[in-house]
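Number of protein chains: 2
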Amino acid sequence: MPPETRERILETAARLFHEQGYAATGIATILREAGVNAGSLYHFFPNKEALLAAVLKRYEALLQPVVLTPQETAHSDPVERVFGLLAWYRAGLEATGCRLGCPIGNLALELSDTHPEVRPLIDVNFRNWASGIERWLDDAAERLPRDCDRARLSRFILTVMEGGIMQARTSNSLEPFDDSVAVLRDHFDRLLREKRRN
Amino acid sequence: MPPETRERILETAARLFHEQGYAATGIATILREAGVNAGSLYHFFPNKEALLAAVLKRYEALLQPVVLTPQETAHSDPVERVFGLLAWYRAGLEATGCRLGCPIGNLALELSDTHPEVRPLIDVNFRNWASGIERWLDDAAERLPRDCDRARLSRFILTVMEGGIMQARTSNSLEPFDDSVAVLRDHFDRLLREKRRN
DNA sequence: ACAGCAATTGAATGATCATTCAAGTTCAGT
DNA sequence: ACTGAACTTGAATGATCATTCAATTGCTGT
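Protein chains in written order, with my numbering: chain V, 8 to 205; chain U, 8 to 205.
In structure tokens, the structure reads:
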């Protein structure tokens, strides 16, 4: 294993970008907190933006093992997986006092316009996230209305999560997140009830 | 009128914070684009964060005349006001090629954690926005289910808007926004249909 | 033992950062 | 005309920004 240093830089950068944002995080801070010299960082990453790209690649790799698989093993019911995932994000908010939020969502709003090279990497993260949910919804296809667009619904779940997190952070309260999830649950109840009627 | 300068600084700062984010916008850029010297800016605003606070106060003042009133005059049906407002945001995305997004949402994710003094100002903006929607929903109360929590639903509309904008920007496509609005419309249809049954 | 490359050191670079301030200008009230 | 305050000028401040690089160390294959 050559580069344990590289991994430490990556972890530290990911944490600081999450805590402070990309522009607000200086290379010097990353170096200090990772216990590394400038030359080492620039040995592995040509510049700050490449470091960010590597962080986003890392998130991409962590999606299945860290985000999706735990819900898949915890819940056999695919609909419960969806709300288990939302509960997991909620737990993150609770643990941090409604801070941090979604690392990818934060970078999305900060950098989508101004960093054309990283925007696609954020996009892929969101797409993979939604695809994972969509697979769950496909497993519940027979309980949903026949005309239910599951790809659209999976993206909607991401919408609700990101929008709910945003309001939870600004209000410093879990209530807007919980309320958003409650309305989503209500919508699911109606979808599942409609099918039962058929 | 003494301070037309103050207004120009405020407008320029608002635009640049929207286009580039807060941390990524340097005072020098604001000065250049507003055609103002450093001393003038610091005559009106003690520091960068106070300038940001003034920008957020300005957004607060613009909510009713710029955001709410146009929908209220355009649509008498309160439910159509909701979707008219979403269509207005959509038009903004379309006009900019899915850039910029919601100025307040952007600042919310960038600064909620790290700038404790401005977080409440962002919060107030969101609360006023949701309160405006809630008033519309109250006007449609008799068409909605009796147990419908309209405050919760108004916040949900904000959730859908912000979450939809985020995905539209990262994917550089209106589709996720349109899809999110479509699911919200479906939910409203179900709410309105349920009532009709009573 | 040695060649050669990967990894690391850490000081230096010039640009840009937010902010300051003494000196000047403009203008309303008298 | 004169006072005083509001406003503007614009150069200077020191801190921090991302990045560079020549020199040094550590390790791997022979």
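Where a beta carbon is used, it is the ideal one built from N, C-alpha and C, also for glycine.
Where are the alpha helix (DSSP H) runs, 4 residues long or more, that stay fully inside the stretch 99-129 of chain U, in chain order?
Within the stretch 99-129 of chain U, the complete alpha helix (DSSP H) runs of at least 4 residues are 110-118.
Ignoring anything shorter than 4 residues or poking outside the stretch 121-182 of chain U, list the alpha helix (DSSP H) runs there in chain order.
126-146 and 157-178
Going along chain U, which residues have a C-beta under 8 Å from V/I129?
T177
Using beta carbons (cut-off 8 Å, strictly below), is U/G28 in contact with chain V?
With 8 Å as the cut-off, U/G28 counts as an interface residue toward chain V.
With distances taken from CA atoms, which of U/A31, U/R15 and U/T19 is nearest U/N113?
When each option's Cα is compared against that of U/N113, the closest is U/A31.
Tell me, please, whether the stretch 156-176 of chain V touches the stretch 154-173 of chain U by the rule of three or more beta-carbon pairs shorter than 8 Å.
yes
Along chain V, which residues have their Cβ under 9 Å away from the Cβ of U/D186?
Result: D156, A158, R159, L160, R162, F163 and T166.
So U/P85 and U/W143 are in contact, right, with Cβ under 8 Å, and what is the actual spacing, rounded?
4 Å
Quick one, which of V/N54, V/Q174 and V/S47 has its alpha-carbon nearest V/Q124's?
Note that residue 124 of chain V is Glu in the sequence shown here, rather than Gln. Looking at the Cα atoms, V/N54 is the closest of the given residues.
Put V/V74 into one of helix, strand or coil per three-state DSSP.
helix
Please list the residues of the stretch 45-75 of chain V that have a C-beta atom closer than 7 Å to any C-beta atom in chain U, keeping them in chain order.
none
Measure from the C-beta of U/T36 to each C-beta in chain V and report whether the shortest distance is under 8 Å.
No - not a single Cβ of chain V is within 8 Å of the one on U/T36.
Consult DSSP for V/Y29 and reduce its assignment to one of helix, strand or coil.
coil
Determine, using beta carbons only, whether V/D120 comes closer than 8 Å to chain U.
At a cut-off of 8 Å between C-beta atoms, V/D120 counts as an interface residue with respect to chain U.
For chain V, is any of its Cβ atoms less than 8 Å away from the one on U/Q78?
no
Tell me the rounded alpha-carbon separation between V/A189 and U/R197.
16 Å
One question on the structure: do V/L107 and V/L181 come within less than 8 Å of each other, judged by their Cβ atoms?
Not a contact, by the Cβ cut-off of 8 Å.
Using a C-beta to C-beta distance shorter than 7 Å, which residues of chain U count as neighbours of V/V190?
R159, L160 and F163
I need the boundaries of the alpha helix (DSSP H) containing U/F52, first residue and last residue.
Neither: U/F52 is in no alpha helix (DSSP H) and is coded neither H nor E.
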